[in-house]
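Asks:
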Amino acid sequence: MKAYGWVGALGSLVLYGLAFAIPASREFAASWAWPALVVGYAALTSALIGWMDRAAKGSPMGFVAAVNGATAAKLLVSASVVAVYLVAKGPHPVPFALGLFAAFAWNTVRFVWVSQTLNRNPTASPPEKAAE
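Residue 146 in the numbering used here sits at position 10 of the sequence shown, and the numbers go up by one each step.
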């Protein structure tokens, strides 16, 4: 597993445990929804990172399209998940929405970090061609 995979797993564990440290969210953290949310976002981000990694080996436009598509996918999935949960009147709506935002924020930081790492790969034209 690459370094960002280990960092992602460790960050998700910290995020999971942090919910138990906040008194208002302890009951929600003990439910099935919190681990499902954390694991689901980690899996979604890992799949999108894989897509972005494959696109980085191709053309620069493919990489940009993958990053934009992954960002749009995460936003649409987030909006859909919170809307369905709230319309279904799931328990603990405020901790769920805040937890979803925390999982989204952590995985977005992870996604941006990986995209910047992949973007630094030497796929651009060589320096001698750039000087011409």
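Ideal Cβ positions, reconstructed from N, Cα and C, are used throughout, including at glycine.
Would you tell me roughly how many angstroms separate the C-alpha atoms of Pro104 and Leu211, rounded to the nearest one?
Replies: The first residue shown for the chain is 137 and the last is 268, placing residue 104 beyond what the model contains.
Asks: First and last residue of the alpha helix (DSSP H) that includes Trp242?
Replies: Taking the first residue of the sequence shown as position 1, residue 242 is located at position 106. Residues Pro229 to Asn255.
Asks: If you draw a straight line from the C-alpha of Leu146 to the C-alpha of Asn243, how long is it?
Replies: The residue labelled residue 146 in the question sits at position 10 within the sequence shown. The residue labelled residue 243 in the question sits at position 107 within the sequence shown. Cα to Cα, Leu146 sits roughly 12 angstroms from Asn243.
Asks: Over what stretch of residues does the alpha helix (DSSP H) that includes Lys193 continue unbroken?
Replies: Your numbering for residue 193 matches position 57 in the sequence shown. Note, Lys193: premise wrong, no alpha helix (DSSP H); not H, not E.
Asks: Considering only the beta carbon of each residue, do Met188 and Ala165 sit closer than 8 angstroms?
Replies: As a position in the sequence shown, residue 188 is number 52, starting the count at 1. As a position in the sequence shown, residue 165 is number 29, starting the count at 1. No, they are not a contact pair.
Asks: Which whole-angstrom value is the C-beta distance of Ala239 and Val174, which I expect to be below 8 angstroms?
Replies: Looking up residue 239 in the sequence shown gives position 103. Looking up residue 174 in the sequence shown gives position 38. With a Cβ gap of about 6 angstroms, Ala239 and Val174 count as contacting.
Asks: Under a Cβ-count criterion, where at least 16 other Cβ atoms within 10 Å of its own Cβ denotes burial, should Ala142 be classed as buried or exposed?
Replies: On the sequence shown, position 6 is the one that residue 142 refers to. It is worth fixing the name first, because residue 142 is Trp in this sequence and not Ala. Classification of Trp142: exposed, given that the 10 Å Cβ count is below 16.
Asks: Determine the extent of the alpha helix (DSSP H) in which Ala165 is found, giving its start and end residues.
Replies: As a first step, residue 165 must be located in the sequence shown, where it is residue number 29. Residues Arg162 to Ala165.
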